[in-house]
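Data block below; observations after.
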Amino acid sequence: MDAAWPRSTRYVIMSSANWLMFLAAVAFLTWGTAGETLPDGAVVAILIVVGLSVALQFAAAYRLVATQDEFVRGITAKRVIAAAGLTITVAVLWGLAQQFLDVPDVPMWVIYPFFWGAFGMVTPFVRDTHA
Amino acid sequence: MKSRLRVLRAERGWTQEQLSGTIGVSRQAINALETERHDPSLDLAYRIAAAFELPVEQVFPNPHERSDP
C-alpha cells in the first residue's frame, strides 16, 4: 500500500509538477498580451500543455487512490462526488446567469481549480464511508 | 458497525499504527473502524480477525444475528 493521501512522495511530486505546468501556461496566456500576439500554432502548443497538465493530474490522483485501502478509496470517492456536484452546480448556474443576466464572464478553465478547491472544502465534512 | 477493535488492540498494547502495519491498511482506516466511520469489507474483517487470532464475530459482532432460535 502506498503512503496515505496526501503523503505519497510520488503523488506530491507529480501533483506539484502538474500544477506548476498548469499555472505557468495559464499565466503566460492570460497575463499580458501573449495570448493575443502569439501565432496560433504556439497557442495550440500551450493549450496542449494545459490539457496535459490537467489530464496528468487526474491520472496521478487516480493512481494514488488505486493504491490506497478500502477506507481511503471510499471516502475519496465520496469527496470527489461532492466536489464534482458542487462544481457542476456552480458552473451550470453561472453559465445560465452569463447567458441571461448581467454577470461577469468567467473563462471555463476556472472550473479546474474550482473543482480542486471544492474538493478541499468538502473534505472536512465528509468523514465516513457510510451512505 | 460496532466492533471490539479498540478494546482488543488495547489488550495487546498495540498502537493503531502497529495494527495498520500488520494488516496492510492506513492508520486512518483503523481509526475509522474504531470510531464506526467505516464498515469493513468481508476481506478486511477476516484480515483483522486473523491478526488477533480470533473468529470474525469476536471482533465484529454480527449486527443481524437473531437472538431467538
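Note that the protein sequences, when read in sequence, are chains Z and W.
The opening position of the first sequence corresponds to residue 74 in my numbering, with each subsequent residue numbered one higher.
The opening position of the second sequence corresponds to residue 7 in my numbering, with each subsequent residue numbered one higher.
Glycine included, every Cβ here is placed at the ideal spot set by N, Cα and C.
1) Could you tell me which chain W residues have their CB closer than 7 angstroms to the CB of Z/Arg-200, listed as they occur along the chain?
2) What does the Cβ neighbour count give for W/His-44, buried or exposed, with the cut at 16 atoms within 10 Å?
3) For Z/Gly-193, return the contacting residues in chain W, with the cut-off set at a CB-CB distance below 9 angstroms.
4) For the pair the stretch 19-32 of chain W and the stretch 140-148 of chain Z, tell me if three or more CB-CB distances fall below 8 angstroms.
5) If you draw a straight line from the alpha carbon of W/Thr-28 to that of W/Ala-56, how long is it in whole angstroms?
6) If I'm right that W/Ser-9 touches W/Phe-66 with Cβ under 8 angstroms, what's the distance once you round it to whole angstroms?
7) Got a sec: is the Cβ-Cβ distance from W/Ala-51 to anything in chain Z below 8 angstroms?
8) What residues of chain Z sit near W/Val-31, judged by a beta carbon separation below 8 angstroms?
9) Does the separation of the CB atoms of Z/Val-127 and Z/Phe-101 fall below 8 angstroms?
10) Quick check: the Cα distance between Z/Met-194 and Z/Ala-157, rounded to an integer number of angstroms?
11) Would you mind giving the Cβ-Cβ distance between W/Glu-40 and W/Arg-18, rounded to the nearest angstrom? I have them listed as a contact below 8 angstroms.
12) Name the chain W residues that come within less than 8 angstroms of Z/Gly-147, Cβ to Cβ?
13) Residue range of the alpha helix (DSSP H) that Z/Pro-186 falls in?
14) Of the choices W/Asn-37, W/Leu-48 and W/Glu-23, whose alpha-carbon is the least far from that of W/Pro-61?
15) Straight-line CA distance for Z/Ile-161 to Z/Ala-191?
16) Does Z/Leu-174 come out as helix, strand or coil in the three-state DSSP assignment?
17) What are the boundary residues of the alpha helix (DSSP H) that includes Z/Ser-89?
18) Just the Cα atoms here: how many angstroms apart are W/Thr-21 and Z/Phe-187?
Let me lay it out:
1) Arg-43
2) buried
3) Residues of chain W passing the Cβ test: none, with the nearest at roughly 17 angstroms.
4) yes
5) Cα atoms of W/Thr-28 and W/Ala-56: separation of roughly 10 angstroms, rounded to the nearest angstrom.
6) 5 angstroms
7) no
8) Met-74, Asp-142, Glu-143 and Phe-144
9) no
10) 12 angstroms
11) Not quite, the Cβ-Cβ distance comes to about 14 angstroms (not below 8 angstroms), so this is no contact.
12) His-44
13) 184-195
14) W/Leu-48
15) 11 angstroms
16) coil
17) Run containing Z/Ser-89: 82-103, per the alpha helix (DSSP H) assignment.
18) 38 angstroms
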